[in-house]
Amino acid sequence: MLRHVISVVLVTASCLLCGGAAHADETSDIGNRLIERYIQPATQQFAAATAAVSGAVELLCREPSAARLEVARQRFGDAVGAWARVSVLRFGPLVEENRYERIFFWPDPRGVTIRQLEQILAKGSTDVLDAATLRGKSVAVQGLPALEFVLFGTGSDALLTGEPAGRFRCGFAAAIAVNLSQTAEDIRAAWAAGSDTAREFAHPGPQSAVYRTAEEVVAESLKAMTTALQFLSEAMIAPFLGREPETANPKLAPLWRSGLTLQLIATNVRAIASFYGAIGVPRMLDAERRWIDGSIDLELRKARESLETLREPVGESVSGGPDRAAMIYTVIALNSIRNTVNEQLAPALGTRVGFNALDGD
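Residue numbers (mature numbering (1 follows the signal peptide of the UniProt record, and there is no 0)): -24 to -1, 1 to 337.
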């Protein structure tokens, strides 16, 4: 009898150790999984999308036409969708050299972007027509919000005329697009196979200057996710949604001129869900804690479904009724997911998220 009890205990302990080893293996491989399943595809897509915008704007400048302007605007929309995926990666190459802000200067409550763009367009200073020179100027006039105003904003019909003002505006758009394309390519290259960033993220260790343990990679990944959730909720949705329908202001929404606000938000939620899926959380959790993954997955799905009911223009989604209720539900879901990651998931994975890029703003 005693021998049988000892045998059972040993087998049980062995199974527990095997399970622990399996979870450890899954944790140690998180960097490689994210690189292959999310980071490299997302950065490659963004580089391709911004290159396509640059090419379309160049053709528009060469021979202005309504058809070519429409193509340039469509390519801009594609780049916005690709950016929504890359924006989740708010660490490493994306935050180095102010790349995030140079791509997407937001929030902009004081209207810095519009004020500076209007000054540039009024003065017609040719130094902004060179992408290399533009790179040294304010980040507010280099990214997607700036390009949106030039392509869609007040006076954008001049792009069709071929007159001096239209040629200058198009040349400025071309410089912004080239700059965006170069920045996107820098990010893609930084995450490419064999790069220092990819190697250190996939293989943390004492030799790494950035990630010394797998737990640090886990923490970085979860922090990226919670930062994306917080930015989407607090910086992109809350300002234009307002506390009440009477205080809602669609013109505080990102990319409202192009009618891409809801596409940006919905794609961003889908991107966060894809990023989370690439982490492979269920395999990293013990059976009794897998409810955490189920809770996060459910709320992400509900947020996606809620946004799918909305249609541009964004003003109709904030003025009241079921559309406003759907947007409010999305904010609640995003905040709930962030709390679950911070308070439940991170401890279950043996780490903590810590401060992010938005803390203290």
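Positions of the beta carbon are idealized from the N, C-alpha and C atoms, including for glycine.
Is residue i helix, strand or coil when you go by DSSP?
i, result
"Q118", "coil"
"Y305", "helix"
"S101", "coil"
"T137", "coil"
"A297", "In the sequence under discussion, the amino acid at residue 297 is Gly, which differs from the Ala named in the question. Reduced to three states, the DSSP call for G297 is helix."
"A168", "coil"
"E192", "helix"
"V245", "helix"
"V33", "helix"
"E220", "coil"
"A(-4)", "Any reading at A(-4) must be qualified, since the residue scores a pLDDT of 37, below 50, and its modelled position is unreliable; the value itself is stated next. The answer is helix: DSSP assigns A(-4) an H, G or I state."
"G326", "coil"
"T203", "helix"
"E39", "coil"
Check whether the Cβ atoms of residue i and residue j lie closer than 8 Å to each other.
i, j, result
"F177", "I308", "no"
"A324", "L276", "no"
"M86", "Y76", "Note that residue 86 is Arg in the sequence shown, not Met. No. Outside cutoff."
"S171", "A224", "no"
"F207", "Y14", "no"
"A107", "N74", "no"
"A60", "T202", "no"
"D54", "A23", "no"
"P182", "R175", "no"
"V290", "A229", "yes"
"V33", "A150", "yes"
From residue i to residue j, what does the alpha carbon distance come to, in whole angstroms?
i, j, result
"R314", "V88", "30 Å"
"F148", "T137", "15 Å"
"A169", "R49", "32 Å"
"A58", "A263", "35 Å"
"T3", "R111", "39 Å"
"A(-3)", "R265", "With a pLDDT of 37 at A(-3), under the threshold of 50, the modelled position of this residue cannot be trusted, and the question is left open."
"V64", "A301", "25 Å"
"L127", "L135", "8 Å"
"V193", "E72", "18 Å"
"A249", "T306", "14 Å"
"L286", "T237", "11 Å"
"L321", "I268", "6 Å"
"R280", "L205", "13 Å"
"P140", "E196", "49 Å"
"I213", "E288", "14 Å"
"L120", "I79", "6 Å"
"R219", "S209", "13 Å"
"A160", "G270", "34 Å"
Jot down the residue ranges of each uninterrupted alpha helix (DSSP H) in the region 65 to 104, minimum 4 residues, whole runs only, in chain order. 75 to 79, 88 to 99
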